[in-house]
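This report refers to the structure that appears directly beneath it.
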Amino acid sequence: MAKVSDLASPSATRAILDRFDLAPKKSFGQNFLVNDDVIRKILELSGVSFDDVVLEVGPGIGTLTNALLKHVRAVVAVERDADLPFVLAHTLQKWEDRFHLVKKDALDLKVDDMGDLRPNLFVANLPYSVAATLVLDYFWRFPFIDSATVMVQREVAERMMAKLGTKNYGAYTVKLSMIAEPVGHFIVKPDSFMPRPHVDSAVIRLNRIASIDDEHDKEVVNIASIMAEAAFASRRKTISNSMRTYLSGGDVVRGRILAVLDELFGAAGIDPQIRGERLAKQDYLALATAFLERD
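The numbering of the sequence shown is numbering that gives the first Met the number 0, which starts it at 0 and goes up by one.
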């Protein structure tokens, strides 16, 4: 079977690193993917086609990018390691007209950084330290992204997919579920990387289920997210007690929510004595709607 990525092997990766006198940087969370079968499965799960423009974070030496550029119209990649643009110029030279590199921290990415391109897919082997934040942030800020197929730490994927009432179900699960839903995943073992991480990874695909470019929708989701954070602030407490603790001493919006909290429980038909893990996203949205209608 032909290789999907010309760089997805320990020998090819080591040769590139040696050529440019580089080593994986622990401070950047660099674990280079060296398993071509994993890249093949990423492409299959993401469903990429030549109609797609892909947003990638952390292209590294271009291992996944190499495979993507064989299957999509263009790739916008975000890389903060100043040593790697020279490497990418070499490894991706044949696709330079379809590869747009943004040299900055992915957390600071703006629409204008992408030029005229508007990626509809987010496909990446993400740095573990920012993976959960980036997925939620990009779905929120870039409404043109229809799906995310990303490599994350296994426990992060479990939070993304967690079911109501389970131990992994929390505020993050609720906030993500208001915008996207998981539609598939697979586990990746440490020996697929160089160097090997100390934990299992997972590739998960999330499809957008809600467009939040309307200002009212944004406000509802934003308030519902505050409600979820408050409900899970003290998991062992009732939602009433947990939310009161979280909302007290907060900003003006939190103070306004706290002042009418009992009324919101009544309007949304929610028992204040249950715990946050028993509430679905619809319940948090109902609390937010009740607050905005009253406010």
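Glycine residues also receive a C-beta, built at the ideal position from the N, C-alpha and C atoms.
**Report entry** Complete runs of the beta strand (DSSP E) confined to the region 106-181 [at least 3 residues]
**Finding:** Taken in chain order, the complete beta strand (DSSP E) segments of 3 or more residues contained in the region 106-181 are 120-124 and 146-152.
**Report entry** Beta-carbon contacts of LEU32 that lie in its chain and below 7 angstroms, excluding the five residues immediately before and after
**Finding:** For LEU32, where only same-chain residues beyond five positions count, the Cβ hits under 7 angstroms are ALA7, ILE38, THR62, LEU63, ASN124, SER191 and PHE192.
Query raised in the report: Do you know whose CA, among LEU67, PRO118 and ALA22, lies nearest TYR137's CA?
Result: Comparing Cα-Cα distances from TYR137 to each of LEU67, PRO118 and ALA22, the minimum goes to PRO118.
Report task. Check ARG97 in the structure and name its three-state DSSP category. Result -> It is helical.
Query raised in the report: Where do the ends of the beta strand (DSSP E) carrying SER233 lie?
Result: Looking at the DSSP string, SER233 is not in any beta strand (DSSP E), and its letter there is neither H nor E.
Query raised in the report: According to the Cβ coordinates, are MET242 and ILE203 closer than 8 angstroms?
Result: Against a cut-off of 8 angstroms, the Cβ pair of ILE203 and MET242 comes out as no contact.
Query raised in the report: When burial is assigned at 16 or more other CB atoms within 10 Å of the CB, is GLY275 buried or exposed?
Result: Burial call: buried.
Query raised in the report: Can the beta-carbon of TRP94 be found less than 8 angstroms from the beta-carbon of LEU120?
Result: Cβ atoms of TRP94 and LEU120: not closer than 8 angstroms.
Query raised in the report: Between VAL71 and VAL56, is the Cβ-Cβ spacing less than 8 angstroms?
Result: Not a contact, by the Cβ cut-off of 8 angstroms.
**Report entry** Counted within 10 angstroms of its Cβ, other Cβ atoms place ILE186 as buried (16 or more) or exposed
**Finding:** Answer is exposed; the Cβ neighbour count stays below 16.
Requested in this report: Thinking SER239 and GLN272 are a contact (beta carbons under 8 angstroms), I'd like their distance in whole angstroms, please.
Outcome: Contact holds; Cβ gap of about 7 angstroms.
Query raised in the report: From ASP261 to TYR171, what distance separates their C-alpha atoms?
Result: Cα to Cα, the separation comes out at about 24 angstroms.
Query raised in the report: Helix, strand or coil for MET242 per DSSP?
Result: Reduced to three states, the DSSP call for MET242 is helix.
Requested in this report: Rounded to whole angstroms, what's the CA-CA distance from ILE178 to LEU163? Just pull it up for me.
Outcome: Whole-angstrom Cα-Cα distance: 16 angstroms.
**Report entry** One or two residues paired with HIS184 in a DSSP bridge
**Finding:** DSSP output for HIS184 lists ILE203 as bridge partner(s).
Query raised in the report: Among ILE60, ASN65, HIS89 and GLU154, which has the Cα closest to the Cα of ASN30?
Result: Considering only ILE60, ASN65, HIS89 and GLU154, the residue with the shortest C-alpha distance to ASN30 is ILE60.
Query raised in the report: If you check the beta carbons only, do LEU286 and ALA267 fall under 8 angstroms apart?
Result: Between LEU286 and ALA267, the C-beta gap is smaller than 8 angstroms, which places the two residues in contact.
Query raised in the report: Going by beta carbon distance, what residues of the same chain come within less than 6 angstroms of ASP80, once the five residues before and after it are set aside?
Result: PHE27, listed in sequence order.
Query - ALA289 - containing alpha helix (DSSP H), residue span - result: For ALA289, the enclosing alpha helix (DSSP H) has its first and last residue at 280-293.
Query raised in the report: Is it right to say ILE208 is buried, meaning 16 or more other beta carbons lie within 10 angstroms of its own, or is it exposed?
Result: ILE208 is exposed by the Cβ-count criterion.
Query - Beta-carbon proximity check, LEU116 vs VAL52, cutoff 8 angstroms - result: Yes, the pair counts as a contact, with Cβ atoms nearer than the cut-off.
Query - For SER10 and ARG195, the rounded distance between their alpha carbons - result: Their backbone Cα atoms lie some 15 angstroms apart in a straight line.
Query - Beta-carbon proximity list for VAL220, same chain, < 6 angstroms, skipping 5 on both sides - result: Cβ contact annotation for VAL220 (same chain, cutoff 6 angstroms, sequence separation greater than five): MET177 and ILE211, in chain order.
Report task. For HIS99, I'd like the list of residues in its chain whose CB is within less than 8 angstroms of its CB, leaving aside the five on either flank, ordered along the chain. Result -> Shown here for HIS99: same chain residues with a beta carbon closer than 8 angstroms to its own, the five before and five after excluded, namely ALA73, VAL74, VAL75, ALA76, MET113, GLY114 and LEU116 in chain order.
Query raised in the report: Distance, Cα to Cα, VAL149 vs VAL251?
Result: Rounded to the nearest angstrom, the two C-alpha atoms are 36 angstroms apart.
Report task. Could you name the residues of the same chain whose beta carbon sits closer than 7 angstroms to that of THR244, not counting the 5 residues immediately before and after it, in chain order? Result -> If we look at THR244 and ignore the five residues flanking it on each side, its Cβ neighbours are ALA232 and SER233.
Query - Counted within 10 angstroms of its Cβ, other Cβ atoms place ASP35 as buried (16 or more) or exposed - result: When all chains shown are included, ASP35 counts as buried.
Requested in this report: State the start and end residues of the unbroken beta strand (DSSP E) segment that holds LEU21.
Outcome: Counting along the chain, LEU21 falls outside any beta strand (DSSP E), and DSSP gives it neither H nor E.
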